[in-house]
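Student:
Protein chains: 2
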Amino acid sequence: MKRQTAQRRAIEQVFEQHDRLLSIPEIRAYGSQIVPSLNQATVYRNIKQLVAAGRIRQVNHPDLGTRYERTQKSHHHHFHCNGCNRVMVLPGCALKDDHIVPDGFVLESHDIFLSGLCDQCAGH
Amino acid sequence: MKRQTAQRRAIEQVFEQHDRLLSIPEIRAYGSQIVPSLNQATVYRNIKQLVAAGRIRQVNHPDLGTRYERTQKSHHHHFHCNGCNRVMVLPGCALKDDHIVPDGFVLESHDIFLSGLCDQCAGH
DNA sequence: TATTTATTGCAAATGCATTATCATTTGCAT
DNA sequence: ATGCAAATGATAATGCATTTGCAATAAATA
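Heads up: the sequence lines are chains A and B, in that order.
In terms of the numbering used here, the first sequence is residues 1 to 124.
In terms of the numbering used here, the second sequence is residues 1001 to 1124.
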């Protein structure tokens, strides 16, 4: 990551414009609107570097596979809309506070994946 | 699934003996203790049939990939121990009851994946 | 502006989980 | 006990996401 390139700027811009979990094809599609030549291999290469640099984070969604999002966000969970198939961010924590692991267990982290319909898809 | 075979019985037995999320290699390893010849392709074939028959369910763990568990269990979540690397079942629900999705959203399902240390790995 | 070399685009290659092929074995009805 | 089709074991093949090789392009630096 020693040089500024239009492709890399485009990819970062995609994450600014779409504040939700994105797949490689989505990143490539949105990025192509900025830099039409944008190649899939270039997306992979830059995503890898951005993850290594700590600017974006990989999320393995149980239903959708590998996705990416910007790191600079506070604790949140992901909501997958079965209507529009997008994954949006729900700020805050949905985990019960009390006593969810058995005695003796140490809880270090958790991931919560919600799904259903977003307001647009649910409302008629 | 028209015939009873030693292999299929062995695989079902594995799930009875190990009441947690199992990977294909784990199923194969435990099953081999019952039927030594047990082949990996046979495991895949039988797992597929057992899933189709509704006897076991596939779970895509965000950190560990594809795993399987018996269906006949009430609502629960999964705890991945970073010590012994097993995934155990925590009965009950750890989701906050109130107002976790924005207005207008419809919540249909959720998956919660916890991780940390189990009692055996945490206790000294 | 010329030079250097990181980065790109393209296509082929890789790794991996899963599936298909096929000869052999085995459950089960007769 | 026999015959037939389902199931197995061994291995090759597939699909897919991701990676790599390489020539061409384009940032940065002098």
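Where is the CB? At the ideal position from N, CA and C, for every residue including glycine.
(1) If you count every other CB in all the chains shown that lies within 10 Å of the CB of B/C1081, and 16 or more means buried, which is it?
(2) Counting only beta-carbon separations shorter than 7 Å, does A/P62 have a partner in chain B?
(3) List, in order along the chain, the chain B residues whose C-beta lies closer than 9 Å to that of A/E108?
(4) Using only the alpha-carbon positions, how far apart do A/D97 and A/A10 sit?
(5) Can you list, in chain order, the residues of its chain whose CB lies under 6 Å from that of B/L1107, leaving out five sequence neighbours each side?
(6) Whose C-beta lies closer than 8 Å to the C-beta of A/P62 among residues of the same chain, with five residues either side of it excluded?
(7) Go ahead and pull the three-state DSSP assignment for A/R45.
(8) Rounded to a whole number of angstroms, what is the C-alpha to C-alpha distance between A/V60 and B/L1095?
(9) Tell me which same chain residues have a C-beta within less than 8 Å of the C-beta of A/H18, skipping the five on either side of it?
(10) Rounded to the nearest angstrom, what separates A/Y1 and A/Q49 at their Cα positions?
(11) Under a CB-based cut-off of 7 Å, is A/L50 close to chain B?
(12) In the region 1070–1081 of chain B, which residues sit with their C-beta less than 7 Å from some C-beta in chain A, listed in chain order?
(13) Taking the alpha-carbon of B/H1099 as reference, which of A/G104, A/C93, A/A52, A/D103 has the nearest alpha-carbon?
(14) Residues in its own chain within less than 7 Å of A/R28 by CB, not counting five upstream and five downstream?
(15) Smallest Cα separation from A/D119: which of A/C84, A/S23, A/H110?
(16) Under 7 Å between C-beta atoms, does B/I1024 make it to chain A?
(17) Using a C-beta cutoff of 7 Å, does A/D111 count as contacting chain B?
Tutor: Once the coordinates are examined:
(1) Answer is buried; the Cβ neighbour count reaches 16.
(2) Taking Cβ atoms only, chain B reaches closer than 7 Å to A/P62, which makes this a yes.
(3) Per Cβ cutoff of 9 Å: N1082, L1114, S1115, G1116, L1117.
(4) Cα to Cα, A/D97 sits roughly 40 Å from A/A10.
(5) Excluding sequence neighbours, B/L1107 sits near V1101.
(6) If we look at A/P62 and ignore the five residues flanking it on each side, its Cβ neighbours are F113.
(7) A/R45 falls in the helix class under three-state DSSP.
(8) The sequence given here has Asn at residue 60 of chain A, not Val. The C-alpha of A/N60 lies about 20 Å from the C-alpha of B/L1095.
(9) Contacts found: E26, Y30.
(10) The sequence shown places Met at residue 1 of chain A, rather than the Tyr named in the question. Taking the straight line joining both Cα atoms gives about 7 Å.
(11) At least 7 Å separates the CB of A/L50 from every CB of chain B.
(12) From the region 1070–1081 of chain B, only F1079 have a Cβ closer than 7 Å to chain A.
(13) Here the closest residue by C-alpha is A/C93.
(14) The residues are L38, Q40, V43.
(15) With distances taken between Cα atoms, A/D119 lies closest to A/C84.
(16) B/I1024 does not count as touching chain A.
(17) A/D111 counts as touching chain B.
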